[in-house]
Amino acid sequence: YEPQIDLAERLARLAPGGDPKKVFFTNSGAEAVEAALKLARYHTGRQRVVAFYGAFHGRTFGAMSLSGSKLQHRRGFEPLVPEIHHVPYGDCDAIEQKLFRHIAPPDEVAAIFVEPIQGEGGYIVPPADFHPRLRALCDRHGILLVADEVQSGVGRTGRMFAMEHWGVQPDIVCLAKGIASGMPLGAIIASAKIMDWQRGSHASTFGGNPVSCRAALVTLDLVEREYMPNARVRGAELMAGLRGLAGRHALLGEVRGLGLMVGADVVAPVGSTEAAGAWRDRIVQQAFERGLLLLGCGDRTLRFSPPLCITAEHVAIALGILDGVLASLEEPAAPAGPLPRVAAAG
Ligand code: PLP
C-alpha cells in the first residue's frame, strides 16, 4: 500500500541519525514493544533484558513483563517472560555496579528498554546525564538501547522524539498513541543493520493498514507544522501556571515535564491521615466534575497530557478549574456541630 511505504519513508527520515532505517508497523503500543523485544533477542542472539521499576510498556506478555509499575498489571498473569531484570529508573550505577556484577552478565543482555520520561510511573524526568550514560553503557557492552516513545513521541514534548532532548540516538524506537490521532497504529524504527530478521520472522495482518497510515501522514504534517511548536509554547504556559498554583496551594508540590508532558505532585496536608495518592484521586474526581479531565500517574502525581492542538485559552481554563478545586479542598472543614435531627421514617 502506498500510504504504508510513504509513512515508513517519512518515519525513517524523521528518526535521529543518518544511517538507513527500517520500519515495522503494528496496531498498538504494546505490539510495538513486543516487536522490539523480539527483534532485540533475534538480532543479538542474547536473552536477557533490562527494564526499570516504574516502567509501563503495555499489556501483552513481553510488554507486561518489561513493565514494573502497578502490581495489578501483573497479578494473576504469571509466569511472565523470563530473564527480564528491573533496576531503579535514572540510576546507571545500579546496572553497571550491581546487576551486571551479581546477576546478569552484560554479554548476555540483548537490550535495555527505557521511557525517555517515565509516563505511568509518575511523569519522571530523569537526571540530565541518565540517557547519555545509558547510551554509553549499551555501546560498551553491545546492548541495544530501546526507547519506548509510545507516550512521549510524535511531538508531545516539543520535539518529534523525546530522546532528542538529550541528543541520544536509540537503536530501536517504539511509537504508537498519537502517531495516527486515534486510529490504531504503532511502529518500531531501527537501523537497517539491526532490523535484520528474515522475512516472515514477525508480521501483523492489520499493522500498517492504509487507513491508519494515511491518518498518520496527515498527523505528521500537522505535528511538524503546528502542533510541535504549540506543545513547546503551551507546555511552558501550563508549567508556569502550575508552578504559580503550587506557590499558592500547599496541596500542589513539584511541577516537572517537557512540552505537553507535564506532571504535578500532590502533597497531603499536614496532619492528614490519608496518603497523597488519596488526595490526588480526590482532585482528579473534583476536576472531572467541573469539566477538566486529568489522570493520575505514579503514587501521587497529576498528569497533564492534553491534545497537542490545545489553545492558550484552554490552558487558562484548565488552570482556573484546578485552582478552584484546590481552594475548595483546602477550605477548613466546617466545625463539628450537633448532628441534624432526622425525622423517623414511617
Ligand atoms: N508504552 C508506553 C510508554 C505507554 O504509555 C503505553 C500506554 O499507555 C504503552 C506502551 C502501551 O500502548 P498501547 O496501550 O497502545 O498498547
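Going by the numbering used here, the first residue of the sequence shown is number 1199, and it counts up by one from there.
Idealized CB from N, CA, C, for every residue including glycine.
- DSSP places residue 1452 in the uninterrupted beta strand (DSSP E) bounded by 1450–1456.
- In this model, residue 1239 and residue 1516 are separated by some 45 Å (Cα to Cα).
- With fewer than 16 other Cβ atoms inside 10 Å of its own Cβ, residue 1299 counts as exposed.
- Looking at the backbone, the Cα of residue 1366 and that of residue 1470 are separated by about 43 Å.
- By the C-beta density criterion, residue 1249 is buried, having at least 16 other C-beta atoms within 10 angstroms.
- With at least 16 other beta carbons inside 10 angstroms of its own, residue 1321 counts as buried.
- Looking at 1514, 1506, 1498, the one whose alpha-carbon comes closest to that of residue 1440 is 1514.
- The ligand PLP has a heavy atom closer than 7 Å to the beta-carbon of residue 1254.
- A distance criterion of 7 Å places the beta-carbon of residue 1349 in contact range of the ligand PLP, judged by its closest non-hydrogen atom.
- Distances between the C-beta of residue 1317 and the heavy atoms of the ligand PLP include at least one below 7 Å.
- By the 16-neighbour rule on beta-carbons within 10 angstroms, residue 1199 is exposed.
- Per the Cβ contact rule, the segment 1471–1486 is in contact with the segment 1494–1507 (3 or more Cβ pairs under 8 Å).
- Look at residue 1396 here: in three-state DSSP terms it is coil, with no helix or strand label.
- A distance criterion of 7 Å places the beta-carbon of residue 1313 in contact range of the ligand PLP, judged by its closest non-hydrogen atom.
- When DSSP assignments are scanned along the segment 1309–1359, the uninterrupted stretches of alpha helix (DSSP H) that are 4 or more residues long and fall wholly within it turn out to be 1328–1339.
- By the beta-carbon neighbour count (other beta carbons within 10 angstroms, threshold 16), residue 1314 is buried.
- In this structure, residue 1455 places its C-beta atom within 8 Å of the C-beta atom of residue 1433.
- About 14 Å separates the beta carbons of residue 1202 and residue 1382, which is beyond the 8 Å limit, so they are not a contact pair.
- Its chain contains 1364 as the residues whose beta carbon lies nearer than 8 Å to that of residue 1326, once the 5 sequence neighbours on both sides are disregarded; these appear in chain order.
- For the set 1508, 1449, 1413, the Cα lying nearest the Cα of residue 1459 is the one of 1508.
- Residue 1269 is classed as exposed because its beta carbon has fewer than 16 other beta carbons within 10 Å across all chains shown.
- Inclusion of residue 1346 in the 7 Å shell around the ligand PLP follows from its C-beta lying nearer than that to a non-hydrogen atom of the ligand.
- According to the DSSP assignment, residue 1411 belongs to the alpha helix (DSSP H) that extends over 1408–1420.
- With a cutoff of 7 Å, residue 1352 does not count as near the ligand PLP, since its C-beta is closer than that to no heavy atom of the ligand.
- Comparing alpha-carbon positions, the option among 1489, 1223, 1242, 1253 lying closest to residue 1204 turns out to be 1223.
- Only residues of its own chain outside the window of five on either side were considered, and among them 1378, 1381, 1382, 1383 have a CB closer than 7 Å to the CB of residue 1410, listed in chain order.
- Residue 1294 is positioned such that its CB atom lies no closer than 8 Å to that of residue 1245.
- Minimum Cα-Cα distance from residue 1317 among the listed residues 1335, 1254, 1301 corresponds to 1254.
- Going by beta carbons, residue 1278 and residue 1263 fall inside the 8 Å limit.
- Closer than 7 Å to some heavy atom of the ligand PLP: that describes the Cβ of residue 1226.
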